[in-house]
Amino acid sequence: DVALLADLPITRAIMTGSDPVTIQDASQDVADIANNDLFVLVNRSGKVLAVHTKTPGFGREAAQKYFQQSLEDRDVSSHWWFGEHHLYQTFIQPVYRGSRTDGTMLGFLVIGYEIDHRLAAEVSKVAGSHVAISCGNELISSTLRQDQLTVDNVRPLIGGSAQAEPHDVEIGSERYLATSLQLSNSQDTPVLFTVMASYDQATKFLDELNRYMLLLGLAAIVIGSGLVFFVSHTFTRPLGNLVGGVRALGAGDFHHPLDARGGDEVAELTRAFDRMRASLLKSQQDLLESEQLATIGRMASSISHDLRHSLAAIVANSEFLVDSHLTPAQREELYQEVRIGVNLMTDLIDSLLEFARTRESLNLAYSDVSETIHRALQAVRLHPRYSGRNIEVSCTPHLSGCFDQRKLERALYNLLLNACDAAPVDHGMIRVIAAEVAGAITVSVADNGPGIAHSIRDRIFHPFVNFGKENGTGLGLAVVQKIVQDHGGEVSVQRTAEGMTVFRMFLPSRVPQLSSELAETRAMTPPLVPAQRVEANQNLLSHPGS
Numbered sequence: 001d002v003a004l005l006a007d008l009p010i011t012r013a014i015m016t017g018s019d020p021v022t023i024q025d026a027s028q029d030v031a032d033i034a035n036n037d038l039f040v041l042v043n044r045s046g047k048v049l050a051v052h053t054k055t056p057g058f059g060r061e062a063a064q065k066y067f068q069q070s071l072e073d074r075d076v077s078s079h080w081w082f083g084e085h086h087l088y089q090t091f092i093q094p095v096y097r098g099s100r101t102d103g104t105m106l107g108f109l110v111i112g113y114e115i116d117h118r119l120a121a122e123v124s125k126v127a128g129s130h131v132a133i134s135c136g137n138e139l140i141s142s143t144l145r146q147d148q149l150t151v152d153n154v155r156p157l158i159g160g161s162a163q164a165e166p167h168d169v170e171i172g173s174e175r176y177l178a179t180s181l182q183l184s185n186s187q188d189t190p191v192l193f194t195v196m197a198s199y200d201q202a203t204k205f206l207d208e209l210n211r212y213m214l215l216l217g218l219a220a221i222v223i224g225s226g227l228v229f230f231v232s233h234t235f236t237r238p239l240g241n242l243v244g245g246v247r248a249l250g251a252g253d254f255h256h257p258l259d260a261r262g263g264d265e266v267a268e269l270t271r272a273f274d275r276m277r278a279s280l281l282k283s284q285q286d287l288l289e290s291e292q293l294a295t296i297g298r299m300a301s302s303i304s305h306d307l308r309h310s311l312a313a314i315v316a317n318s319e320f321l322v323d324s325h326l327t328p329a330q331r332e333e334l335y336q337e338v339r340i341g342v343n344l345m346t347d348l349i350d351s352l353l354e355f356a357r358t359r360e361s362l363n364l365a366y367s368d369v370s371e372t373i374h375r376a377l378q379a380v381r382l383h384p385r386y387s388g389r390n391i392e393v394s395c396t397p398h399l400s401g402c403f404d405q406r407k408l409e410r411a412l413y414n415l416l417l418n419a420c421d422a423a424p425v426d427h428g429m430i431r432v433i434a435a436e437v438a439g440a441i442t443v444s445v446a447d448n449g450p451g452i453a454h455s456i457r458d459r460i461f462h463p464f465v466n467f468g469k470e471n472g473t474g475l476g477l478a479v480v481q482k483i484v485q486d487h488g489g490e491v492s493v494q495r496t497a498e499g500m501t502v503f504r505m506f507l508p509s510r511v512p513q514l515s516s517e518l519a520e521t522r523a524m525t526p527p528l529v530p531a532q533r534v535e536a537n538q539n540l541l542s543h544p545g546s
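In this note's numbering, the protein residues as written are 1 to 546.
Here it is as structure tokens:
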């Protein structure tokens, strides 16, 4: 701004004169245009010709004094002038006729900005703290209260050196955290700028804040408690009751009590769930009845078919036996056919009875596993259809346990019959491997048949499941599973593929609680030699042709 004012033609024209009174009057318009707090014109010899201020007090003599000091310190861009309780930050610009490089200097133009209460208030507003500006031993401006501006109170704010580090200042009865900055290092005008934050106001603010926070906390507790009670009564408790009903339904309880009071969404959802539960219970009962009827129908169809087939064979062969022209060999062949039909009917009845017996019918006793396997194998070889099958047995020596020997023999017999049916007639190979693995008895039956059909793999142990057999009740594997489960074990298809199918029975070797009669049987049994724990011979199972 000062450079623009110095280059104005009117400024240059005024500076060509030498009469101070004329220049004072003529420069009034320029000072009004500049609108600065201080406007000074000085001729080239350093004499002040005109002084204009917005506030009275700072005169020509003070301007002359500080202008001479400013000329001695030309290295700084601005200077501080102080007089009659007025402090200005001034800027000096030479006034030339012509250009600044080759023109003639006419004098100097000085403009200044006063450091007063307006500036202090603006800085205080920006800093959010109190502000004090001093020059030497005089306080120029401050935002402190008037009752604090006594001589003793303001002494810490004047005449001192700047302290950039925050430090405590006590003004009257109030303490402040202050930091100060030296704006001018001149000995004549040492300007000190101080910013202060009141401890008392901060403490008062914190006290009020704590009071508000306490009230807010109490209000939040009261509102929160009411909200918790409302939510619990309206949503949480009904939802908990509904969740309990869902869990009970998942556990099979269709009669868990439900609370569907009210007309909100949770109550409506509870009522809908209750209706769904009732509908599901009815559907389950209908499905169970339908399944029972279907099972009875399948059983009746299968049994009637097998009985009719066997009876037809018996009746037909019996009629042939009446013929007196038959040779003894022909009569023996017909007799064997009748015997086969009777055996088929007996097997069917035994399977039905075995499938219907409860677990309590087990006759537990210490028995040798190898003996049980060979008895089942002997029964299979007595069967006319399977008498010539190649069956290999591998059993750990002295392998024994506590089980119902007759039932386990029946289970092994069914597995062997199943393997004989699956294995090829000309090059069939069946292996039975019994061992003790991890303290339990495992019996594996493997055959080199075509494997289990994919359509029945998931229900191979279900009753009346029969696939690809001309003569079969569909109860063989179901009876095996029931016998093994009655002993606390499990049976599974360990492997099935083209040329290899393995059924594996797992029986716990621990002795169940025996009755007094069985205890006497155990006492009469000679001590057994503990069998070594061996792993099942996987190589035998994986090479059906060896």
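Even glycine gets a Cβ: it sits at the ideal position worked out from N, Cα and C. It should be emphasised that the depicted structure is a prediction, and the values quoted were computed from it without experimental measurement.
Distance from the CA atom of I10 to the CA atom of K204, rounded to whole angstroms, is 58 Å.
Only residues of its own chain outside the window of five on either side were considered, and among them Q405, L408, E409 have a CB closer than 6 Å to the CB of T372, listed in chain order.
One thing to note: F58 has its Cβ within 7 Å of the Cβ of G83. In this structure, H130 sits away from L119, with a CB-CB distance that is not shorter than 7 Å. In the DSSP assignment, C135 is bridged to E138, V191. In this structure, the CA atom of F108 is about 45 Å from the CA atom of S198.
The residues A50, in chain order, have a CB closer than 6 Å to that of Q24 in the same chain once the five nearest residues on each side in sequence are set aside.
Assigned with DSSP and collapsed to three states, A164 falls in coil, not helix or strand.
Partner residues in the beta bridge of C402, as assigned by DSSP, are Y366. Closest in C-alpha terms to T90, from the list A497, V437, N241, S184, comes S184. G499 sits close to N448, with the two beta carbons spaced by under 7 Å. For I391, the enclosing beta strand (DSSP E) covers residues 391-395. Between the region 457-467 and the region 417-432 there are fewer than three inter-stretch CB-CB distances shorter than 8 Å, so the stretches are not counted as touching.
Sorting N317, L352, S324, P328 by C-alpha distance to the C-alpha of R339 places N317 at the top. Residue range 440-447 is occupied by the beta strand (DSSP E) that includes I441, with no alpha helix (DSSP H) assigned at that position.
N137 counts as exposed, since fewer than 16 other beta carbons sit within 10 angstroms of its beta carbon.
Just measuring C-alpha positions, the residue of H427, N363, L334 sitting nearest I391 is H427. The C-beta of N35 has fewer than 16 other C-beta atoms within 10 Å across all chains shown, which makes the residue exposed. Short of 8 Å from the beta carbon of L399, and not among the five residues preceding or following it, lie these beta carbons of its own chain, in chain order: D368, V369, S370, A434, A435, E436, I441, A531. Assignment of Y113 by DSSP, reduced to helix, strand and coil, places it in the strand class. In this model, T327 and S387 are separated by some 25 Å (Cα to Cα). Distances from the CA of G451 to each of P424, L475, G476 were compared; the closest alpha carbon is that of P424.
Taking all protein chains in view, the Cβ of S455 is surrounded by fewer than 16 other Cβ atoms within 10 Å, so the residue is classified as exposed. In this structure, S134 places its C-beta atom within 7 Å of the C-beta atom of L192. When rounded, the separation of the alpha-carbon atoms in I171 and Q148 is 7 Å. The shortest CA-to-CA distance from R261 to any of R389, N241, A248, I430 is the one to N241. With a threshold of 16 other beta carbon atoms within 10 Å, Y212 falls short and is exposed. Counting C-beta atoms within 10 angstroms of its own C-beta, M15 has 16 or more neighbours from the protein chains shown and is therefore classed as buried.
A267 has its alpha-carbon roughly 48 Å from the corresponding atom of V491. One thing to note: L38 has its Cβ within 7 Å of the Cβ of T53. For Q28, the enclosing alpha helix (DSSP H) starts and ends at 28-34. Taking the CA atoms as reference points, A63 sits about 13 Å from H85. In the three-state reduction of the DSSP assignment, E268 falls in the helix class, which pools H, G and I.
For Y386, there is no enclosing alpha helix (DSSP H), as DSSP marks it with neither H nor E.
Taking all protein chains in view, the Cβ of L364 is crowded by 16 or more other Cβ atoms within 10 Å, so the residue is classified as buried. Only buried fits D347, as 16 or more other CB atoms lie within 10 angstroms of its CB.
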